Every structure is written in C-alpha cells, then in structure tokens.
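Going line by line, the protein sequences match chains A and C.
At position 89 of the first sequence (counting the first as 1) the number is 89 in the working numbering, and the numbers step up by one without a gap.
At position 41 of the second sequence (counting the first as 1) the number is 1041 in the working numbering, and the numbers step up by one without a gap.
Where a beta carbon is used, it is the ideal one built from N, C-alpha and C, also for glycine.
Since the model is a prediction, treat every value here as computed from it, not as a measurement.
Remarks on the structure that follows.
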Amino acid sequence: DGGITQSPKYLFRKEGQNVTLSCEQNLNHDAMYWYRQDPGQGLRLIYYSQIVNDFQKGDIAEGYSVSREKKESFPLTVTSAQKNPTAFYLCASSIQGVPNTEAFFGQGTRLTVV
Amino acid sequence: AQSVTQPDIHITVSEGASLELRCNYSYGATPYLFWYVQSPGQGLQLLLKYFSGDTLVQGIKGFEAEFKRSQSSFNLRKPSVHWSDAAEYFCAVGAGGTSYGKLTFGQGTILTVHP
Chain A
1 DGGITQSPKY LFRKEGQNVT LSCEQNLNHD AMYWYRQDPG QGLRLIYYSQ IVNDFQKGDI
61 AEGYSVSREK KESFPLTVTS AQKNPTAFYL CASSIQGVPN TEAFFGQGTR LTVV
Chain C
1001 AQSVTQPDIH ITVSEGASLE LRCNYSYGAT PYLFWYVQSP GQGLQLLLKY FSGDTLVQGI
1061 KGFEAEFKRS QSSFNLRKPS VHWSDAAEYF CAVGAGGTSY GKLTFGQGTI LTVHP
C-alpha cells in the first residue's frame, strides 16, 4: 500500500542533543513537508521541499534542519538550538503540477525532551 | 498573510444530533480550503476540499462544507453525528500555486460525542 511512514513513533531526547526524525513516502510525490503540532495551536509548517536537492523554510524553521537527497525521503533534524522541541511532528507529501489535489500525512512522531 | 480561525476549541454533541464546526479564513485571492480530521496520536485524514465551482462540497463519512466568500467562511456540517466522529478537526487554507501541502491551519476543534 502506498503511504507515508514516519519513524520512530515515540522519541526521547536529552537536552543538548540533536535528533533526526525519519519520513519516507512511496507515493511518488514530488513535494514533502514537515509540520509541528502543539496543543491548541494547530499545525505549523517547519520546512518543505518541492523537488530533490531543494527545500525552503516554513514559518518556524529556527532550530531545525532538513535534507532532500532522494525523492522518497525527507528527514528532519531537531537541533540543540531548538528551545522547545517537545511536540508532535507530522510529515506530509503532495503531488506537484496536478490541480485540485491534497496533502497526505504520516502518522507522526512524538518527540519528548527529558 | 493568510490565516485561519476556528472559534470553537471544544464542542460537545449528543450522538444523532447535527453538527456544525466553524472556520473563518483570511486570504487575498481565491482560497484552497480543506478540512482534516485527527484521532488522538494519529496523522491527519482529509475529509473534504474546495478549490472552485460548487460552493457546497461533499466529503467522506457524511460530512459536507459550504464555502461562503462574503463571510470568508468554510463551515463543516454533518446532519447526524456518530460516536466514532469524536476527534479533532482542522480547517486549513492552501497557498495556491501547485504546492497543495503548504497549508495554514486553524487551531483545531475537539469534538466530544455523548451517547
């Protein structure tokens, strides 16, 4: 079945450590996105990529980094510079160049700083 | 800048009652509008979307939404709620162009269903 796989589902990090969240899709979508979800704040866009080897900052990119070396993969690194990293992280993908379509979401990774 | 407001943080309804979840958006051009649903600890599932044309949009699970340009609203409705509809609902507006996943979300509305 086609879809988006995020791993791990739960992740614990000590303060001062970097951690990488995985996102893989087999939908053959060109565009991929990372969102952060906090209670009562909806989802906010961290980074997005419309094509391999290219990505753009979203609304809350500070303290995060991404890479897009392969079409199917868009890993997110939460760096020690992110002041409040505890949150639920969602990856999404969408097709490019086809009108009236939508984004598909993964099941999320819950990151907790301990 | 675009924005989305969902005025109701939490709504409680009885099973079988009708439901309306409110969504107001701010966007300079014709918006792309979406409603997503999220069960606890899960990802988002698309309920319905609006791009153009008929302002009454039908979605999955018996949901519908009406786009009202004059009121900048895109309210979600269901005539009879089931216990399985309990979840969090998000309204979102798209940036346009071809990146349909570049979205601005509302704060979400938590729906509780009483038996």
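Test: residue i CB closer than 8 Å to a CB of chain A
i	result
Lys1061/C	no
Ile1011/C	no
Lys1078/C	no
Gly1028/C	no
Lys1049/C	yes
Gln1107/C	yes
Phe1074/C	no
Phe1034/C	yes
Sequence-distant residues of the same chain with beta carbon closer than 7 Å to residue i, five excluded per side
i	result
Tyr10/A	Arg110
Glu116/A	This structure does not reach residue 116/A, given that chain A is present from 1 up to 114, and the question cannot be answered.
Gly42/A	none
Ser1014/C	His1114
Ala1086/C	Leu1111, Thr1112 and Val1113
Chain-order list of residues whose beta-carbon lies under 8 Å from that of residue i (same chain, five-residue window excluded)
i	result
Glu62/A	Ala81 and Gln82
Gly1028/C	Gln1002
Lys70/A	Val52
Candidates the options, of which the one nearest residue i by Cα
i	options	result
Tyr1025/C	Ser1018/C, Thr1012/C, Gly1016/C and Phe1105/C	Phe1105/C
Phe1063/C	Ala1095/C, Ser1073/C, Trp1035/C and Gly1053/C	Trp1035/C
Glu1088/C	Ala1029/C, Arg1022/C and Gly1108/C	Gly1108/C
Gln1045/C	Ala1092/C, Pro1115/C, Ser1099/C and His1114/C	Ala1092/C
His1010/C	Pro39/A, Arg44/A and Phe55/A	Pro39/A
Glu72/A	Asn84/A, Val52/A, Pro8/A and Leu21/A	Val52/A
Asn84/A	Leu21/A, Gln107/A and Arg13/A	Arg13/A
Thr1005/C	Ser1072/C, Ser1099/C and His1082/C	Ser1072/C
Tyr64/A	Val19/A, Lys70/A and Ser7/A	Val19/A
Arg1069/C	Ile1060/C, Asp1054/C and Lys1078/C	Asp1054/C
Ala103/A	Ser1084/C, Trp1083/C, Leu1047/C and Lys1078/C	Leu1047/C
Ser1084/C	Ser1039/C, Pro1007/C and Pro1031/C	Ser1039/C
Contact set between residue i and chain E, taken where Cβ atoms lie within less than 7 Å
i	result
Phe105/A	This model lacks chain E altogether; the protein chains it does include are A and C.
Cβ-based neighbour list, residue i, same chain, cut-off 6 Å, excluding 5 preceding and 5 following
i	result
Tyr1050/C	Leu1033, Val1057 and Phe1067
Ile95/A	His29 and Thr101
Met32/A	Ser49, Phe74 and Ser93
Leu1021/C	Leu1076, Tyr1089 and Thr1109
Arg44/A	Arg36, Asp59 and Ile60
Gln25/A	Ile4, Glu72 and Ser93
Ser7/A	Ser22
Gly1016/C	Ser1080
Leu1019/C	Val1013, Lys1078 and Val1081
Val66/A	Tyr47, Phe55 and Leu76
Opposing strand residues paired with residue i [DSSP bridges]
i	result
Lys57/A	Tyr47/A
Glu1088/C	Gln1038/C and Ile1110/C
Lys1068/C	Ser1073/C
Gly1094/C	Tyr1032/C and Leu1103/C
CB contact below 8 Å: residue i versus chain C
i	result
Gln82/A	no
Gly108/A	yes
Ala31/A	yes
Gln25/A	no
Tyr129/A	In the structure as shown, chain A begins at 1 and stops at 114. Residue 129/A is therefore absent and cannot be evaluated.
Which residues, taken in chain order from the stretch 1086-1102 of chain C, show a beta carbon closer than 7 Å to some beta carbon of chain A? Phe1090, Thr1098, Ser1099, Tyr1100, Gly1101 and Lys1102
Counting only Cβ-Cβ distances shorter than 9 Å, please list the residues of the stretch 84-103 of chain A near chain C, keeping chain order. Phe88, Leu90, Cys91, Ala92, Ser93, Ser94, Ile95, Gln96, Gly97, Val98, Pro99, Asn100, Thr101, Glu102 and Ala103
Residues, ordered as in the chain, of the stretch 33-45 of chain A that lie near chain C by beta-carbon distance below 7 Å: Tyr33, Gly40, Gln41, Gly42, Leu43 and Leu45
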